[in-house]
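Trainee: Sharing a structure here in structure tokens format.
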Amino acid sequence: MPPITATPAPLSRRFSVAPMMDWTDRHCRFFLRLLSKHALLYTEMVTTGALLNGDHDRFLRHNEAEHPLALQLGGSVPLDLAACARMAQEHGYDEVNLNVGCPSDRVQNNMIGAVLMGHPQLVADCVKAMRDAVSIPVTVKHRIGINGRDSYEELCDFVGTVRDAGCTSFTVHARIAILEGLSPKENRDIPPLRYDVAAQLKKDFPELEIILNGGIKTLEACHEHLQTFDGVMLGREAYHNPYVMAEVDQQLFGSTAPVISRAEALAQLRPYIAAHIEAGGSMHHITRHVLGLGTGFPGARKFRQLLSVDIHKAKEPLVLLDQAAELLEGR
1440 MPPITATPAP LSRRFSVAPM MDWTDRHCRF FLRLLSKHAL LYTEMVTTGA
1490 LLNGDHDRFL RHNEAEHPLA LQLGGSVPLD LAACARMAQE HGYDEVNLNV
1540 GCPSDRVQNN MIGAVLMGHP QLVADCVKAM RDAVSIPVTV KHRIGINGRD
1590 SYEELCDFVG TVRDAGCTSF TVHARIAILE GLSPKENRDI PPLRYDVAAQ
1640 LKKDFPELEI ILNGGIKTLE ACHEHLQTFD GVMLGREAYH NPYVMAEVDQ
1690 QLFGSTAPVI SRAEALAQLR PYIAAHIEAG GSMHHITRHV LGLGTGFPGA
1740 RKFRQLLSVD IHKAKEPLVL LDQAAELLEG R
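Residue numbers (the numbering used here): 1440 to 1770.
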């Protein structure tokens, strides 16, 4: 796949896009990088078992243009996490992040994700093992609690214990996780957002980098939260409405580069799509991630239809892409 030749921005956690299963794959990240050169991008969560027992090159594959780029790991065995962190560093990742927030039953049963909030010392052991194995930063993404362990004191115990293992950067999804009775989707909506709890954490641990995640939808909200926190992380909004990222570099990083248009972003993505098709891939692998460009203007619905419905019966997919691109002209 053709790389973008511009020098990647240095790693900053001032603005990042959350790891999202089935969404933030390498094609999605290549597209998002066209919209912002400075945003820190995260992979989907990859389990240690997948890396150690599967085709790790496939899981770790990425385009150089995606940097700055972090790998999120799911696991709870320190030696396994250390081995996977080494793989991340060898494959050029800029950061490795431990998932302590995913609430799904499948990962709970394997002691992965939010269930680990009930085991602060184990998380600390995992962090130490990874830090001992690599020179790139090791960070943690977690909830503000889990049911049955959701007091502020227990949150401080978790953060303090993991800090003592050498972790200095915590991304806080400002909701608790309900580990029984709610689906992962419901866990992203039903437990109330508690920005006040995350803010108190920053106040009580001023030496730590605290990144806020959960429910952030606009750059105006990012500016507001950055008065309190060291960084902001957008999830679903960055996926469903990716053009929100077009002004991130200018508004949050002081870039003087012109704001990319929707049409320019799709035009810059076209050679990448063509190369993927040439290599035997399907255009849908990539264009499923750009449907959100089609929001808020006349013709947006047609744009989405071309790339989500018509694409499956197109003999010449690039012709269809060019038809979709015409609907973005001037936008």
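Think of the CB as a built atom: it goes at the ideal place given N, C-alpha and C, for glycine as much as any other residue.
1) Can you tell me the Cβ-Cβ gap for I1712 and L1760, rounded? I've got them flagged as a contact below 8 Å.
2) My assumption, with CB atoms under 8 Å, is that K1641 sits in contact with I1649. Please give the rounded CB distance.
3) From the DSSP output, in three-state form, read off V1748 for me.
4) Within this structure, are the beta carbons of R1708 and V1687 separated by less than 8 Å?
5) Identify, in the order they occur along the chain, each residue of the same chain with its Cβ nearer than 6 Å to the Cβ of H1612, setting aside the five sequence neighbours on each side.
6) Can you list, in chain order, the residues of its chain whose CB lies under 6 Å from that of R1468, leaving out five sequence neighbours each side?
7) Are the C-beta atoms of E1619 and some chain B residue less than 8 Å apart?
8) Between A1764 and L1665, what straight-line distance do the alpha-carbon atoms span, to the nearest angstrom?
9) Give the DSSP-derived three-state secondary structure of Q1511 in the structure shown.
10) Could you check where the beta strand (DSSP E) with G1670 kicks off and where it finishes?
11) Report the rounded CA-to-CA distance for R1500 versus E1534, giving the unit in angstroms.
12) I1551 and T1486: beta carbons closer than 8 Å?
13) Using three-state DSSP, classify V1758 as helix, strand or coil.
14) Below 8 Å on the Cβ atoms is my guess for R1472 versus G1670; work out the distance and round it to an integer in Å.
15) Give, in chain order, every unbroken run of the beta strand (DSSP E) that is at least 3 residues long and sits entirely within the segment 1584 to 1657.
Mentor: Judging by the given coordinates:
1) 6 Å
2) Taking the Cβ atoms as the reference, K1641 lies roughly 4 Å from I1649, within the contact range of under 8 Å.
3) Assignment of V1748 by DSSP, reduced to helix, strand and coil, places it in the coil class.
4) Correcting the residue identity first, residue 1708 is Leu in this sequence and not Arg. Not a contact, by the Cβ cut-off of 8 Å.
5) Closer than 6 Å at Cβ, skipping near neighbours: G1540, R1582, N1652, G1653.
6) L1480, E1505
7) Of the chains in the structure shown, none is chain B; there is only one protein chain.
8) 35 Å
9) strand
10) 1670 to 1673
11) 15 Å
12) yes
13) helix
14) Actually they do not touch by this definition, with Cβ atoms about 18 Å apart.
15) Runs found: 1608 to 1616, 1648 to 1652.
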